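> Sharing a structure with you now.
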Amino acid sequence: MSDQQVSLPFLLIVVLTLGLATRYLFFTPSSPSSSAGGSRSGRDANSARRREAAAETILQMFPQADRRAVLWDLARNGGSVQVTSERILAGRLDTPPVTFQPPPPPGSNNAAAAATPSKPRKPTQPDLITRYNLQSKIGEAEEEGEKKKEGWSASREERQALLKRRRDEMILAARRKMEARIEAEKDGPPRVVES
55 MSDQQVSLPF
65 LLIVVLTLGL
75 ATRYLFFTPS
85 SPSSSAGGSR
95 SGRDANSARR
105 REAAAETILQ
115 MFPQADRRAV
125 LWDLARNGGS
135 VQVTSERILA
145 GRLDTPPVTF
155 QPPPPPGSNN
165 AAAAATPSKP
175 RKPTQPDLIT
185 RYNLQSKIGE
195 AEEEGEKKKE
205 GWSASREERQ
215 ALLKRRRDEM
225 ILAARRKMEA
235 RIEAEKDGPP
245 RVVES
């Protein structure tokens with residue numbers, strides 16, 4: 055047994071080779087080293103997107119929760135929706151530090167765009183006066199007293215015309231009430247009506 059001796063340089067070479075092989079087999083990213091920085095930023099972007107989606111889920115369940123606090127808790131617990139939900143239910147959601155600034159919610163404009171005044175948006179649907187072509191009837195005087203109450207007709211066309219006229223009258227009455235309310239607000243403070 056004394057004939058077999060291991061030299062120190064041979065032992066160092068074996069240990070270094072095993073160490074390097076272990077490092078490259080177990081601790082190397084799957085992408086080439088030239089894009090290692092790019093994959094890290096890609097992973098960060100993916101985790102940020104997942105946290106944002108989890109925060110949206112939580113905020114749909116708990117609209118009273120602060121978005122910033124929810125994102126902070128998700129960042130701390132690895133993105134677990136269940137843990138964050140339990141903390142909200144228990145009232146133990148921590149306030150994030152001042153230095154934590156999450157990205158703005160998706161769909162919101164940048165801060166510069168929010169600072170500039172935006173033009174009022176056009177309604178997607180036209181108003182009822184335009185929709186039912188009632189511009190010509192706006193100025194006409196209402197003749198409710200002179201109109202007799204008509205019953206339900208047996209003819210389909212007469213019923214349809216009656217319903218159309220009632221619809222038009224309701225729209226015009228609502229318009230007159232709204233104009234009266236706007237005029238009353240312009241004239242002075244709102245009055246309390248006692249019943």
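Heads up: the sequence shown begins at 55 in this note's numbering, then just goes up one per residue. The beta-carbon is built from N, C-alpha and C at its ideal position, and this holds for glycine as well. Computed from a predicted structure; not experimentally measured.
1. Decide if the region 119-136 is in contact with the region 145-155; the criterion is three or more beta carbon pairs, one per stretch, under 8 Å apart.
2. At the level of alpha carbons, what is the spacing between F116 and I142?
3. Which whole-angstrom value describes the C-beta separation of I192 and L216, a residue pair presumed to lie in contact below a C-beta threshold of 8 Å?
4. Quick one: which unbroken alpha helix (DSSP H) runs of 4-plus residues sit fully inside the region 88-142? Chain order, please.
5. Check each candidate in R103, P158, I112, P157 and name the one with the smallest Cα separation from T138.
6. Is the beta carbon of Y186 less than 8 Å from the beta carbon of D127?
7. Would you decide whether E200 is buried or exposed? Buried here means 16 or more other CB atoms lie within 10 Å of its CB.
8. List the whole-angstrom C-beta distance separating A108 from V135, where the pair is believed to meet the contact cut-off of C-beta under 8 Å.
9. For the alpha helix (DSSP H) containing Q251, name the first residue and the last one.
10. So the alpha helix (DSSP H) F80 belongs to, where does it begin and stop?
11. Is it right to say R104 is buried, meaning 16 or more other beta carbons lie within 10 angstroms of its own, or is it exposed?
12. For I183 versus R220, is the C-beta distance shorter than 8 Å?
13. Take L65 and list the residues in its own chain whose beta-carbon comes closer than 6 Å to its own, dropping the five residues that flank it on each side.
14. If distances are taken between C-alpha atoms only, which option among G73, D181, E239, S101 comes closest to R130?
15. Just to confirm my understanding: we take P156, look at its own chain, exclude 5 residues before and 5 after, and list those with CB closer than 7 Å. What are they?
16. Could you spell out the range, first to last residue, of the alpha helix (DSSP H) harbouring L188?
If we stick to the structure as given:
1. Contact between the region 119-136 and the region 145-155 is present: three or more C-beta pairs spanning the two stretches fall below 8 Å.
2. The residue given as residue 116 occupies position 62 in the sequence shown. The residue given as residue 142 occupies position 88 in the sequence shown. Each residue's alpha carbon lies about 8 Å from the other.
3. Taking the sequence shown and counting its residues from 1, the one referred to as residue 192 is at position 138. Taking the sequence shown and counting its residues from 1, the one referred to as residue 216 is at position 162. For I192 against L216, the beta-carbon gap comes to about 21 Å, at or over 8 Å, which does not count as contact.
4. Entirely contained in the region 88-142, the alpha helix (DSSP H) runs reaching 4 residues are, in chain order, 90-115, 121-130.
5. For this step, residue 138 is matched to residue 84 along the sequence shown. Ranking the options by Cα distance to T138, first place goes to I112.
6. If you number the sequence shown from 1, residue 186 lands on position 132. If you number the sequence shown from 1, residue 127 lands on position 73. The criterion of a C-beta distance shorter than 8 Å is not satisfied by Y186 and D127.
7. One-based indexing of the sequence shown puts residue 200 at position 146. No answer about E200 holds up, because its pLDDT of 46 lies below 50 and its placement is not dependable.
8. Within the sequence shown, the letter at position 54 stands for residue 108. Within the sequence shown, the letter at position 81 stands for residue 135. Correct: roughly 5 Å between the Cβ atoms.
9. Given a span of 55 to 249 for the chain in the structure shown, any question on residue 251 remains unanswerable.
10. Counting from one through the sequence shown, the residue named residue 80 turns up at place 26. Residues 62-80.
11. What you label residue 104 is simply residue 50 of the sequence shown in a count that begins at 1. Under this definition R104 is an exposed residue.
12. Mapped onto the sequence shown, residue 183 falls at position 129. Mapped onto the sequence shown, residue 220 falls at position 166. Cβ atoms of I183 and R220: not closer than 8 Å.
13. Start at 1 with the first residue of the sequence shown, and residue 65 comes out as number 11. Excluding positions up to five away in sequence, the list is empty.
14. The sequence position of residue 130 within the sequence shown is 76, counting from 1. The residue from G73, D181, E239, S101 with its alpha-carbon nearest to that of R130 is S101.
15. Here residue 156 refers to the residue found at position 102 when the sequence shown is read from its first residue. Shown here for P156: same chain residues with a beta carbon closer than 7 Å to its own, the five before and five after excluded, namely R122, L125 in chain order.
16. Along the sequence shown, one-based indexing puts residue 188 at 134. For L188, there is no enclosing alpha helix (DSSP H), as DSSP marks it with neither H nor E.
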